[in-house]
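Participant: For the sequence shown, my numbering gives the first residue as 2, with consecutive numbering after it.
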Amino acid sequence: PHHLVASFKSTLEVVSEADMLLIVMDGSSDWAEHQLQTVNEVLKDLATAKAPRLLVFNKMDRVSDPFERKRLSVAFPHAVFVSAFNDTEMLMLKKHIADSIAIVNKERAMADIIAHTTSEFDQNNIQ
2 PHHLVASFKS TLEVVSEADM LLIVMDGSSD WAEHQLQTVN EVLKDLATAK
52 APRLLVFNKM DRVSDPFERK RLSVAFPHAV FVSAFNDTEM LMLKKHIADS
102 IAIVNKERAM ADIIAHTTSE FDQNNIQ
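Put into structure tokens, the structure is as follows:
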């Protein structure tokens, strides 16, 4: 439907301006890995491919098989695994997001300092 296409397009526009992408997957879904592959393919085509990403598997309370939980954690070692119903896990996720944003901000600040220093150096050498 046209309204969904327009909605999807506006979402992509917002994504292209994002400082960081939080990709939340349904950890209990049999299709989670396929859906993640699709998300990654779409994001690869966007300018946001360079934006830091944090992969989160939610609904882990529904994954009762310990082997499946282990398989996911091995397959996605940098992912965060949570249940939105678990306050402790949600606090851990919030901390992980805050830490990731702090790293992004520090990298940006360093890039700004380098750009400013380079600009000053160029100006001094031109004069």
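Cβ atoms here follow ideal geometry from the backbone N, Cα and C, with glycine treated the same way.
From a predicted model like this one, the values you see are computed outputs, not experimental measurements.
1) According to DSSP, is ASN59 part of a helix, a strand, or is it coil?
2) Grouping DSSP H, G and I as helix and E and B as strand, with all else coil, what is PHE68?
3) Mark PHE86 as exposed unless 16 or more other C-beta atoms lie within 10 angstroms of its C-beta, in which case mark it buried.
4) Could you work out which residue in THR119, LEU56 and LEU13 is closest to GLN36 when comparing CA atoms only?
5) Return helix, strand or coil for MET111, following the three-state DSSP convention.
6) Please report the straight-line C-alpha distance between ILE114 and VAL64, rounded to a whole angstrom.
7) Does the Cβ-Cβ distance between SER84 and ASP62 come in under 9 Å?
8) Indicate whether LEU22 and PRO53 have their beta-carbon atoms separated by less than 9 Å.
9) Inspect the beta-carbon positions of LYS51 and ASP27 and report whether they are closer than 9 Å.
10) Please report the Cβ distance between LEU73 and PHE82, rounded to the nearest whole angstrom; I am assuming they are in contact, meaning their Cβ atoms lie under 8 Å.
11) Rounded to whole angstroms, what's the CA-CA distance from LEU13 to ILE98? Just pull it up for me.
12) In angstroms, rounded to a whole number, what distance separates the CA positions of LEU100 and TRP32?
Facilitator: In short:
1) In the structure shown, ASN59 falls within a strand segment according to DSSP collapsed to helix, strand and coil.
2) helix
3) exposed
4) LEU56
5) helix
6) When rounded, the distance between both Cα atoms is 46 Å.
7) yes
8) yes
9) no
10) 7 Å
11) 21 Å
12) The sequence given here places Asp at residue 100; Leu does not occur at that position. Approximately 29 Å between the Cα atoms of the pair.
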